[in-house]
Amino acid sequence: MDCVFCAVVAGTEPAHRVLDDGVAVAFLDRRPLFPGHVLVVPRDHHPTLADLPAADVGPFFLRVQRVAAAVELGLGSAGSFVAANNRVSQSVPHLHVHVVPRNPKDGLRGFFWPRRAYSDEADAALVAERLRAALAS
Numbered sequence: 814m815d816c817v818f819c820a821v822v823a824g825t826e827p828a829h830r831v832l833d834d835g836v837a838v839a840f841l842d843r844r845p846l847f848p849g850h851v852l853v854v855p856r857d858h859h860p861t862l863a864d865l866p867a868a869d870v871g872p873f874f875l876r877v878q879r880v881a882a883a884v885e886l887g888l889g890s891a892g893s894f895v896a897a898n899n900r901v902s903q904s905v906p907h908l909h910v911h912v913v914p915r916n917p918k919d920g921l922r923g924f925f926w927p928r929r930a931y932s933d934e935a936d937a938a939l940v941a942e943r944l945r946a947a948l949a950s
């Protein structure tokens, strides 16, 4: 497997690590939105959040939570943006969570895509039903 994040975890690819334990590795993004933009990855290779074993979700996101708090405290930012892509817009197919320091008027405008309203309440209800059915399967 040729995964740059697995190489970072293994120590064969250089990275500015900010957390490294038995569960996750967190390191500075090479193309940050702002200084302090951190990627948190599980040690084991899992392409998406859906692939992460259920038993690993809590321990992994405790690390994400710690990194988010450290980004705010360590950089004096007013808050943080925490996000993960699954497949679409995921430049490396290894689960990774972005933790980005945020401040008022920093230039980022909410999400990076336009929002679209449901055509009506029936449309919203239909989408919700489809998701409930998927969760039940």
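Residue numbers (our numbering): 814 to 950. Cβ atoms here follow ideal geometry from the backbone N, Cα and C, with glycine treated the same way.
| message | Assuming contact is defined by CB atoms lying nearer than 8 Å, are arginine 856 and valine 836 in contact in what I supplied? | response | yes
| Using DSSP with H/G/I as helix, E/B as strand and the rest coil, what is glycine 889? | coil
| As assigned by DSSP and simplified to three states, the class of arginine 830 | strand
| said: Check whether the region 817 to 826 and the region 861 to 868 are in contact - that is, three or more C-beta pairs closer than 8 Å. | reply: no
| field | Bounding residues of the alpha helix (DSSP H) (the contiguous stretch that carries alanine 991) | value | In this structure the chain extends from 814 to 950, so residue 991 is not present and cannot be described.
| Buried versus exposed call for alanine 882 [16 or more other C-beta atoms within 10 Å across all chains shown] | exposed
| Assigned secondary structure, phenylalanine 847 (DSSP; H/G/I helix, E/B strand, else coil) | coil
| task | Can you grab the Cα-Cα spacing for the pair valine 913 / aspartate 933, in whole Å? | result | 34 Å
| To which residues of the same chain is glutamate 885 closer than 8 Å at the C-beta, ignoring the five residues directly before and after it? | Ala891, Gly892, Ser893, Pro914
| task | Between the Cα of leucine 875 and those of Leu888, Val895, Asn899, Arg844, spot the shortest distance and give me the residue it belongs to. | result | Val895
| task | Work out the CA separation of glutamine 878 and serine 904 for me, nearest whole Å. | result | 23 Å
| query | Are the Cβ atoms of alanine 897 and valine 910 separated by less than 8 Å? | reply | yes
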